[in-house]
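Visitor:
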Amino acid sequence: MNTLNKSALFILATTFISNTSQATETDSNLGFKGQGEAGLTDSTGNTTSTSLFAALKLDYLQTDYEVKSTFEVDYKSENSVQTQERYRIASQYNHFYTADHQDYSFAGVKLEKSFFEDIDLDSMINLGYGKKLFEDQKTTFISEISLGQQNTQYATSSSSQNSTQTFAQLSLNIKHTLNEQVSFAQNLTYLSGAEQAKLESDTSFIIHVADNIDLNISYKYRHNNAPAVGIKNTDAQTIMTLAYQF
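Residue numbers for the sequence shown follow numbering that gives the first Met the number 0, so the first one is 0 and each next one is one higher.
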């Protein structure tokens, strides 16, 4: 065997080993993964109060598609008077067009019930396109744009009329690793339709404290330009939770 053939075989062997290694690393990320987080405060004495925030996030990833789901519960009471009760379920199916998951189309659904916003059920479905605008070892920046339908049913005690609207939505998601222990995440969503417009922002610092356990410090901001009659336009909340990755 001449030197040229030996060199060619060596290159082919090296390429095969490299591709096999990359495939193994990719395959190891496939399947289910999730995160459960919860934060609770309970006070007694001059003021009796209870505050609970809990969330479960599930992600099922395959080479050409992904399903992401979120379940949230937010509850507060003070001196035996309930001041907040909110439930949220959201799920999104992403279909990837490239092996590096840079481009994808998606279909999403979200259901929300918020007693103290007089919302009996706020349901949304949307279809759209997402793109990973930037990614390196520390930073990921993803944008999504979609069109959808929203149906808002208000509580029977509210004087507001139920509404249905077609909407356009823009979402921006940034995650940046500050160091080995701390990362930063910013999720921003703007929805606009004929009946109402909504802005939601979720700013988080994630601190790694142990194997599979993180401390999350989040500031959540929500604005609705046309809420139910007698309801404020803006809600803001600072939450500290422990999260377990599985």
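For each residue, glycine too, the CB sits at the ideal point set by N, CA and C.
1) Quick test of the definition: if touching needs 3 or more C-beta pairs under 8 Å, does the region 58-69 touch the region 38-50?
2) Quick one: give me the first and last residue of the beta strand (DSSP E) that Thr-69 is part of.
3) To test your reading of the DSSP string, which unbroken beta strand (DSSP E) runs of 3 or more residues are found completely within the region 178-240?
4) Drop a sphere of 10 angstroms on the beta-carbon of Gln-149, count the other beta-carbons inside from all chains shown, and report buried for 16 or more, exposed for fewer.
5) For Asp-119 and Ser-145, what's the separation of their Cα atoms in angstroms?
6) Tell me whether the beta-carbon of Ala-298 lies closer than 8 Å to the beta-carbon of Asp-213.
7) So who's on the other strand from Asn-172, going by DSSP bridges?
8) Could you say if the region 132-145 and the region 154-163 meet the contact criterion of at least three C-beta pairs nearer than 8 Å?
9) Comparing C-alpha positions only, which one of Ala-106, Ser-76, Ala-196 sits nearest to His-94?
10) Measure the Cβ-Cβ separation of Thr-240 and Asn-215 and say whether it is below 8 Å.
11) Quick one, are the C-beta atoms of Glu-248 and Ser-170 less than 8 Å apart?
12) Please report the Cβ distance between Lys-109 and Arg-85, rounded to the nearest whole angstrom; I am assuming they are in contact, meaning their Cβ atoms lie under 8 Å.
13) Measure from the alpha carbon of Gly-33 to the alpha carbon of each residue in Thr-43, Ala-54, Leu-39, Thr-40, then state which is nearest.
14) Taking buried to mean at least 16 other C-beta atoms within 10 Å of its own C-beta, is Gln-168 buried or exposed?
15) When the Cα atoms are used, what is the spatial distance from Thr-14 to Ala-98?
16) Thinking C-alpha only, which one of Ala-227, Tyr-220, Glu-36, Val-208 is nearest Thr-233?
17) Since Ser-200 and Leu-187 are thought to touch, with beta carbons under 8 Å apart, how far apart are those beta carbons, to the nearest angstrom?
18) Can Glu-116 and Ala-227 be called in contact, C-beta distance under 8 Å?
19) What is the rounded straight-line gap between the Cα of Lys-257 and the Cα of Thr-138?
20) Here's a check: name, in chain order, each residue in its chain whose Cβ is nearer than 7 Å to the Cβ of Ser-76, leaving out the five neighbours to either side.
21) With DSSP as the reference, identify every bridge partner of His-94, one or two as the case may be.
22) How should Ile-141 be labelled, buried or exposed, when 16 other C-beta atoms within 10 angstroms of its C-beta is the threshold for buried?
23) Relative to the C-alpha of Phe-114, which candidate in Val-72, Tyr-128, Tyr-92, Gln-185 has its C-alpha closest?
24) Ordered along the chain, which non-local residues of its own chain (more than five positions away) have a Cβ less than 6 Å from that of Ser-122?
25) Identify every residue that forms a DSSP beta bridge with Asp-246.
Guide: Inspection of the coordinates gives the following:
1) Flag = no, the region 58-69 and the region 38-50 do not touch.
2) Residues 64-77.
3) Within the region 178-240, the complete beta strand (DSSP E) runs of at least 3 residues are 181-192, 196-209, 212-223.
4) By the Cβ-count criterion, Gln-149 is buried, with 16 or more other Cβ atoms from all chains shown falling within 10 Å of its own Cβ.
5) If you take the alpha carbons of Asp-119 and Ser-145, they lie about 25 Å apart.
6) Nothing can be reported for residue 298, as the shown portion of the chain is limited to 0 through 245.
7) Answer is Ile-141, Asn-186.
8) Touching, no, given that fewer than three Cβ pairs across the two stretches are closer than 8 Å.
9) Considering only alpha carbons, the answer is Ala-106.
10) A contact, by the Cβ cut-off of 8 Å.
11) Because the chain in this structure spans residues 0 to 245, residue 248 falls outside the shown range and cannot be described.
12) Rounded to the nearest angstrom, the Cβ distance from Lys-109 to Arg-85 is 13 Å, too far for a contact under 8 Å.
13) Of Thr-43, Ala-54, Leu-39, Thr-40, the residue nearest in Cα terms is Ala-54.
14) Under this definition Gln-168 is a buried residue.
15) Because Thr-14 carries a pLDDT of 46, less than 50, the predicted location of this residue cannot be relied on, and no value is offered for it.
16) Ranking Ala-227, Tyr-220, Glu-36, Val-208 by Cα distance to Thr-233 puts Tyr-220 first.
17) Taking C-beta atoms under 8 Å as the contact rule, Ser-200 and Leu-187 qualify, at a distance of about 5 Å.
18) Against a cut-off of 8 Å, the Cβ pair of Ala-227 and Glu-116 comes out as a contact.
19) Outside the displayed range of the chain (0 to 245) lies residue 257, so it cannot be described from this structure.
20) Spatial neighbours of Ser-76 in its own chain (CB-CB distance under 7 Å, excluding positions within 5 residues in sequence) are listed in chain order as Ser-48, Thr-49, Thr-82.
21) Residue pairing by DSSP places His-94 opposite Tyr-64, Ser-104 in a beta bridge.
22) With 16 or more other Cβ atoms within 10 Å, it is buried.
23) Nearest neighbour of Phe-114 by Cα position, chosen from Val-72, Tyr-128, Tyr-92, Gln-185, turns out to be Val-72.
24) Result list for Ser-122: Leu-110, Asn-150, in chain order.
25) This structure cannot settle anything about residue 246, because the visible part of the chain is limited to 0 through 245.
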